[in-house]
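Residue -2 is where the sequence shown starts when you use my numbering, and the numbers rise one by one after that. Just so you know, even glycine gets a beta-carbon here, dropped at the ideal spot from N, CA and C. Here the structure is a predicted model, which is why all the values come from computation and not from measurement. Here is the structure we will look at, set down as structure tokens.
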Amino acid sequence: MANTETALKEAAQIEGAIGAALVDYTSGMALGTIGGGKELDLNVAAAGNTDVVRAKVRTMEMLGLNDEIEDILITLGGQYHLLRLLKARGSAGLFLYVALDKNRANLAMARHQLKKIEADLEI
């Protein structure tokens, strides 16, 4: 089982990764970050993406959809922003966020790797 630091290091190893964060979407705070820098303020991204997750959860409730969100993809001109909602015991209300350089990343592989990181993560 991986801890938060190990999980973030693994996320940073995804091909094309710019930065990654483990985010609590009840508070909007990043519990941990790696990468980012001048190119991407991960704390601002964590707070903003929390709004996206909350809006989608609310919409699903209003629609009466009895399902779970696996991930949310935001595609920009030069980047992918991937949000993976965690479902493991003890991880309710958390998501893994990874920003990827669109020219270097393989989106299918990134989703697969995030799923594996989630399976190994112990909060």
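Cut-off 8 Å between Cβ atoms - residues of its own chain near residue i, not counting five sequence neighbours on either side
| i | result |
| --- | --- |
| alanine -1 | Glu7, Ile114, Asp117, Leu118, Glu119 |
Closest residue to residue i among the options (Cα-Cα distance)
| i | options | result |
| --- | --- | --- |
| glycine 16 | Gln110, His109, Thr47, Leu97 | Leu97 |
| glycine 32 | Gly13, Asp21, Met26 | Gly13 |
| aspartate 48 | Leu111, Asp21, Ala85 | Asp21 |
Reduced DSSP secondary structure (H/G/I, E/B, other) of residue i
| i | result |
| --- | --- |
| leucine 73 | coil |
| isoleucine 114 | helix |
| leucine 93 | strand |
| arginine 51 | helix |
| glycine 34 | helix |
| leucine 104 | helix |
| leucine 62 | coil |
Residue i burial status per 10 Å Cβ neighbour count (16 or more: buried)
| i | result |
| --- | --- |
| lysine 101 | It should be noted that the sequence gives arginine, not lysine, for residue 101. Counting Cβ neighbours within 10 Å, arginine 101 comes out exposed, since fewer than 16 surround it. |
Cutoff 6 Å; reference residue i; Cβ partners in own chain excluding five residues on either side
| i | result |
| --- | --- |
| isoleucine 71 | His78 |
Contacting residues, own chain, Cβ-Cβ under 7 Å from residue i (five flanking each side not counted)
| i | result |
| --- | --- |
| lysine 53 | Ile66, Ile69 |
| arginine 51 | Tyr22 |
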